[in-house]
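Each remark here refers to the structure printed beneath this line.
Protein chains in written order, with our numbering: chain C, 1 to 252; chain A, 1001 to 1064.
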């Protein structure tokens, strides 16, 4: 496996694992309080929708001219990567509360208990809809990451396999724990994903804009640590800067 | 029409998020890279500092 392929697998696996942990909390909340079959049907339907999206768009993307693909992929990865990095740096510096899976589970469970009963063909409509929407929204960004990373290296099956492996690991861990995976170091994983997305976005965006890197792929060996170190420096800067406000929990 | 606008808003929020200034900065930096590269000049040096500056400015805005 080449360096860029390894980076692809690590990035997609971590991104998918983080989003799967958050989706698992939603599926568990409606499953335990409402109906397990309906919650799992919703989860399965959303996973199928995401897989269909990847299967439908993947081949089309790989037929785009290489520079156009790199420019679009670079721009998208930079947009996503900087959003992930910003949130994780703010959380690491204490300016934003860490995402709390136990609290998300409690609020999801309370909302599920308060919702009215409505069954369609024996399926709890609320449990199905909440589970479907939760998995679809958490998974959409991962689907785009799978498509962009995979298409650019012509390795969509590899990216999809990394995403599938992450889903399997999180699902098995959830099955074993029968509780939200609150001890997963989500912010550290988000930081790592943010660094990878931002680095590859910078690399491919520049190539797509018509410029080449000194050393070609080897330039990533400088870009990735550079982005990571600069981001860590920003955590320190924010911890010391007199800007501190109360940490507020926001949606992940 | 309202459904079209809703879809457009969803796509905007998905791609741009809650910081349009950073997204605009990414487009501007990629555009500048393309312009410089088009003249035959080396342009790889544009994006790394631009990206880090965009992140720092975004953090500064969020921390205020």
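Backbone N, C-alpha and C fix where the C-beta goes; we use that ideal spot for every residue, glycine too.
- For residue 6 (chain C), the closest C-alpha among the options C:229, C:150 and C:70 is that of C:150.
- When DSSP states are grouped into helix, strand and coil, residue 1019 (chain A) belongs to the coil group.
- Counting only Cβ-Cβ distances below 8 Å, residue 212 (chain C) has contacts in chain A at 1044, in chain order.
- Sequence-ordered contacts of the region 182-211 of chain C with chain A read 198, 202, 205, 206, 209, 210 and 211 [C-beta pairs closer than 7 Å].
- If you draw a straight line from the Cα of residue 24 (chain C) to the Cα of residue 1036 (chain A), it comes to about 47 Å.
- It is roughly 16 Å from the alpha-carbon of residue 226 (chain C) to the alpha-carbon of residue 215 (chain C).
- Residue-level contact check: residue 1011 (chain A) does not touch chain C, since none of the beta carbons of chain C fall below 8 Å from its beta carbon.
- One finds nothing in chain A with a Cβ atom closer than 9 Å to the Cβ of residue 139 (chain C); even the nearest lies about 12 Å away.
- Contact between residue 139 (chain C) and residue 29 (chain C) does not hold, since their C-beta atoms are separated by about 17 Å, which reaches or exceeds 8 Å.
- Annotation: residue 214 (chain C) is outside any alpha helix (DSSP H) and is labelled neither H nor E by DSSP.
- The Cβ atoms of residue 232 (chain C) and residue 80 (chain C) lie no closer than 8 Å to each other.
- Annotation: the continuous alpha helix (DSSP H) that includes residue 113 (chain C) extends over 101-114.
- Among the residues of chain C, those whose CB is under 7 Å from the CB of residue 1026 (chain A) are 75, 78 and 79, following chain order.
- For a Cβ distance threshold of 7 Å, residue set 206, 209 and 211 of chain C lies close to residue 1033 (chain A), ordered along the chain.
- Taking a beta-carbon distance threshold of 8 Å, residue 1002 (chain A) does not count as an interface residue toward chain C.
- With respect to chain A, the C-beta atom of residue 240 (chain C) has no partner C-beta closer than 8 Å.
- Cα atoms of residue 1038 (chain A) and residue 203 (chain C): separation of roughly 17 Å, rounded to the nearest angstrom.
- Remark: fewer than three beta-carbon pairs, one from each stretch, lie closer than 8 Å, so the region 62-78 of chain C and the region 177-190 of chain C are not flagged as touching.
- Between the alpha carbons of residue 1025 (chain A) and residue 82 (chain C) lies a distance of about 11 Å.
- In this structure, residue 217 (chain C) lies away from residue 75 (chain C), with their beta-carbon atoms at least 8 Å apart.
- Three or more beta-carbon pairs separated by less than 8 Å are not found between the region 10-22 of chain C and the region 120-130 of chain C, which leaves the two stretches without contact.
- At least one CB atom of chain A sits nearer than 8 Å to the CB of residue 86 (chain C).
- Take the alpha-carbon of residue 171 (chain C) and the one of residue 1004 (chain A): they are about 36 Å apart.
- Chain A has no Cβ within less than 8 Å of the Cβ of residue 123 (chain C).
- Membership of residue 38 (chain C) in the alpha helix (DSSP H) is indicated by the continuous run 36-61.
- Annotated as distal: residue 135 (chain C) and residue 15 (chain C), with beta-carbon spacing of 8 Å or more.
- No Cβ of chain C is located within less than 8 Å of the beta carbon of residue 1057 (chain A).
- Of all residues in the region 84-108 of chain C, the ones placed with a Cβ closer than 7 Å to any Cβ belonging to chain A are 85, 86, 89, 90 and 95, in chain order.
- Here residue 185 (chain C) carries a coil assignment [DSSP, helix/strand/coil].
- Rounded to the nearest whole angstrom, the CA to CA distance from residue 1031 (chain A) to residue 105 (chain C) is 44 Å.
- Closer than 8 Å at the C-beta level to chain A, one finds these residues of the region 213-236 of chain C: 213, 214, 219, 223, 226, 227, 230, 231 and 234.
- Comparing C-alpha distances from residue 56 (chain C) to each of C:188, C:64 and C:147 shows the shortest one belongs to C:147.
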